[in-house]
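Peer 1: At position 47 of the sequence shown the residue is numbered 48 (our numbering), and the sequence of numbers has no breaks.
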Amino acid sequence: MMHQDYLAMARDDLLERLQGGSLLINDEVSLPLQGSVISSHPIIGFQQGIALQVQARHVDSVPEITRLKILTESGVVVAEKSVHILSNGAQFLTVTFVVQVKGGE
Numbered sequence: 002m003m004h005q006d007y008l009a010m011a012r013d014d015l016l017e018r019l020q021g022g023s024l025l026i027n028d029e030v031s032l033p034l035q036g037s038v039i040s041s042h043p044i045i046g047f048q049q050g051i052a053l054q055v056q057a058r059h060v061d062s063v064p065e066i067t068r069l070k071i072l073t074e075s076g077v078v079v080a081e082k083s084v085h086i087l088s089n090g091a092q093f094l095t096v097t098f099v100v101q102v103k104g105g106e
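1. Can you tell me whether Leu69 is helix, strand or coil according to DSSP?
2. Can you tell me whether Ala91 is helix, strand or coil according to DSSP?
3. In the structure shown, what three-state DSSP assignment does Leu8 receive?
4. Would Ser83 be called buried (16 or more neighbouring beta carbons within 10 Å of its own) or exposed?
5. Could you give the first and the last residue of the continuous beta strand (DSSP E) run that contains Val63?
6. Assuming Leu87 contacts Val60 (C-beta within less than 8 Å), just tell me the rounded distance between them.
7. Closer than 8 Å to a non-hydrogen atom of the ligand GTP - does that hold for the CB of Ala57?
8. Can you say whether Val78 is buried or exposed, counting buried as having 16 or more other CB atoms within 10 angstroms of its CB?
9. Which first and last residues belong to the beta strand (DSSP E) in which Ser37 is found?
10. Do Asn27 and Val63 have their beta-carbon atoms positioned less than 9 Å apart in this structure?
11. Return the first residue and the last residue of the beta strand (DSSP E) that Ser23 is part of.
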């Protein structure tokens, strides 16, 4: 089992890497992240999971979102997911990614 101190370090490292990062929508539109937080609620089905919530401004020019990627400032993909989100005129887009922390053997 992963020690809680290590999980805390992984969470802090993940948030630090997202400073200056972006959200890539449908592999075409890149938006700067407005914020990122680690959710404190447990994740069903994941022993060592981190629920990472990111927020970016909504884009009216994208009527349907099918793919999302979180990128670091240098363009490294942190997480990605397939989604189906229709434009609803919201000012911000908030998305949760589940990241699982695994140890080596």
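Every residue gets a Cβ at the ideal spot worked out from N, C-alpha and C, and that includes glycine.
This one's a predicted model, so the numbers in the text were calculated from it and none came from an experiment.
Peer 2: For this structure:
1. DSSP places Leu69 in strand when its eight states are reduced to three.
2. Under the three-state reduction of DSSP, Ala91 is assigned to coil, being neither helix nor strand.
3. The three-state reading of DSSP puts Leu8 in helix, counting H, G and I together.
4. Looking at its Cβ environment, which holds fewer than 16 other Cβ atoms inside 10 Å, Ser83 is exposed.
5. Per DSSP, Val63 is not a residue of any beta strand (DSSP E), being assigned neither H nor E.
6. A Cβ-Cβ separation of about 13 Å leaves Leu87 out of contact with Val60 under the 8 Å criterion.
7. Annotation note on the ligand GTP: not contained in the displayed structure, which lists no ligands.
8. With fewer than 16 other Cβ atoms within 10 Å, it is exposed.
9. Taken as a continuous stretch (DSSP letters only), the beta strand (DSSP E) holding Ser37 covers 30-40.
10. Yes, they are a contact pair.
11. Run containing Ser23: 23-26, per the beta strand (DSSP E) assignment.
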